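The numbering used here applies: residue 1194 is where the sequence shown begins, and numbers increase by one. The block underneath contains the structure these notes are about, expressed in structure tokens.
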Amino acid sequence: MNAHHANETIGTWQERFFGHENNMRTEHAAKQDQEAGIVVWDPLVRIFHWGLVLMVTLAFLTEDDFMFLHVLAGYLILGLVIFRLIWGVMGTYHARFQTFVHGPRRILGYLSTILRGQPEHHVGHNPAGGGMVVAILLVLLVTALLGMATFAAKEFQGPVWLLAAGLGTMTVKTLETLHELFANLLLILVALHVTGVVVAMVQHRENLLKSMFTGRKRAVPVPAMILILGLMIGFPTRTVHAATLDDILATYRTQGGQAFSAQKGEELLNRPVKDPEGGADRTCATCHTRNPKQRGQHPKTGKPIEPLAPAANPERLTDAAKVEKWFGRNCEWTLGRACTPQEKGDFLTYLKSL
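Given below as structure tokens:
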């Protein structure tokens, strides 16, 4: 269940530039990172986000009286959207669409956990948030293109004015109406997005607004992190491990997991999933072997992977942030989606039983 991406070379320089985990850090620096959170939003994602907020605001404020600024904002919005579409394919891990775009069933399942008051915690975008990102990008793209066409047809200006020349009056009015319709739809999506952010901030006790400035988020909700740190300080190493793992399992229970099963965890380890790249079926055991007490191996690079089972590697599951990051990265690669809290709990229960 190890992460493999076709663009591994790109990933290497991204990690160096965007501040991902460095194995050569000192223990003191690692503890500071744990307290501050982990890097989720890279600098380009944050610049895109706040640049988009600024340009959309400018576009709405200038649509009637300052056409030059309105058009300029539209062009910049289009450029930002195109950048985000590219960055969603080749960007850093949490910026990629494959890590947060899910189908309707997964989104509805996540929304049901919110209504129950036990929402799943995601380091990056949650399924509903990911769907909202895609919807906003598409509406922005259509709105900007319609605006460009309308401006070209009415004012005979802009990069597509030759294509729009000669359009009839009704066609121009239709373009203008559609442009305003999608702009109003954008306002609705933004309102829903802000509502979702507020709900997530309350339920997870996270300052998501701050994270879009700093790029950092906690890997688990605040109460669990506080308890984990307290256990690490108050107990010897071997007890710390057991208590920390139990606490991580408790966190997944609060997110909707119930009666974790070691048997189901073992089944998850060996569950075959079709390789979207046309290779052999993927399983977690592809990298970690069918015996988690043994060392695994990266199938492409040959790099050794330390055992997953606490019985063979007592330090393996002592960092809640790393556990959540490991699930987020490897579930996406192996299963093609995020693991549910139930699956995470089952898998950890299986590892604990070995």
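Think of the CB as a built atom: it goes at the ideal place given N, C-alpha and C, for glycine as much as any other residue. If you're wondering where the values come from, they're calculated on a predicted model, not measured in any experiment.
8 Å CB neighbourhood of residue i in its chain, flanking five on each side removed
i, result
"Met1405", "Trp1234, Arg1239, His1242 and Trp1243"
"Gly1310", "Gln1396"
"Lys1496", "Gln1490"
"Ile1307", "Ala1321, Val1392 and Gln1396"
"Leu1331", "none"
Whole-number beta carbon distance between residue j and residue i, since they are thought to touch under 8 Å
i, j, result
"Ile1565", "His1386", "Only positions 1194 to 1547 of the chain appear in this structure, which leaves residue 1565 out of reach."
"Arg1464", "His1295", "That pair is no contact at about 19 Å."
"Lys1518", "Leu1438", "With a Cβ gap of about 16 Å, Lys1518 and Leu1438 do not count as contacting."
"Leu1547", "Lys1486", "6 Å"
Selection from the options that minimises the alpha carbon distance to residue i
i, options, result
"Thr1533", "Leu1501, Lys1515, Tyr1445 and Pro1500", "Tyr1445"
"Ala1266", "Phe1276, Leu1245 and Ile1275", "Leu1245"
"Leu1378", "Met1325, Thr1362, Phe1349 and Gly1361", "Met1325"
"Lys1366", "Gly1351, Phe1375, Asp1440 and Ala1346", "Ala1346"
"Gly1281", "Phe1293, Gly1272, Leu1304 and Ile1270", "Phe1293"
"Phe1253", "Pro1312, Leu1278, Leu1333 and Gly1317", "Leu1333"
"Ala1452", "Ile1275, Leu1247 and Tyr1543", "Tyr1543"
"Leu1368", "Ala1384, Val1335, Gly1389 and Gly1449", "Val1335"
"Pro1352", "Leu1528, Thr1364 and Val1264", "Val1264"
"Thr1479", "Ser1546, Val1516, Leu1442 and Leu1528", "Leu1528"
"Pro1236", "Val1390, Thr1407 and Glu1525", "Thr1407"
"Ala1504", "Leu1374, Asn1484 and Gly1472", "Asn1484"
"Cys1524", "Gly1472, Val1466 and Ala1502", "Val1466"
Sequence-distant residues of the same chain with beta carbon closer than 7 Å to residue i, five excluded per side
i, result
"Glu1499", "Arg1488, Asn1506 and Arg1509"
"Phe1461", "Reading off the sequence, residue 1461 comes out as Leu, not Phe. For Leu1461, where only same-chain residues beyond five positions count, the Cβ hits under 7 Å are Cys1477, Glu1536, Asp1539 and Phe1540."
"Asp1468", "Asp1474 and Arg1475"
"Leu1262", "Leu1251 and Thr1255"
"Leu1360", "Ala1346"
"Val1327", "Val1294"
Contact with chain B by residue i, beta-carbon distance below 8 Å
i, result
"Gly1521", "Although the question refers to chain B, the structure presented lacks it and comprises just one protein chain."
Neighbourhood of residue i by C-beta, 6 Å cutoff - its chain only, sequence neighbours within 5 removed
i, result
"Gly1521", "Val1316"
"Leu1269", "Met1248"
"Leu1273", "Phe1241, Gly1244 and Leu1245"
"Gly1449", "Thr1306, Gln1311 and Pro1534"
Is it true that the stretch 1384-1395 meets the stretch 1330-1340, where meeting means three or more beta-carbon pairs spaced less than 8 Å apart?
no
Taking 8 Å as the cut-off, does the stretch 1452-1461 touch the stretch 1316-1324 (at least 3 CB pairs, one atom from each stretch)?
no
Should the stretch 1250-1260 be called in touch with the stretch 1274-1288, which here means at least 3 C-beta pairs below 8 Å?
no
Go through the stretch 1257-1318 residue by residue and report every complete run of the alpha helix (DSSP H) that reaches 4 residues or more, in order.
1260-1283 and 1297-1308
Taking the runs of the alpha helix (DSSP H) that are 4 residues or longer, which of them lie wholly in the stretch 1377-1418?
1401-1407
Contiguous alpha helix (DSSP H) assignments of at least 4 residues, all confined to the stretch 1451-1487:
1455-1462 and 1478-1481
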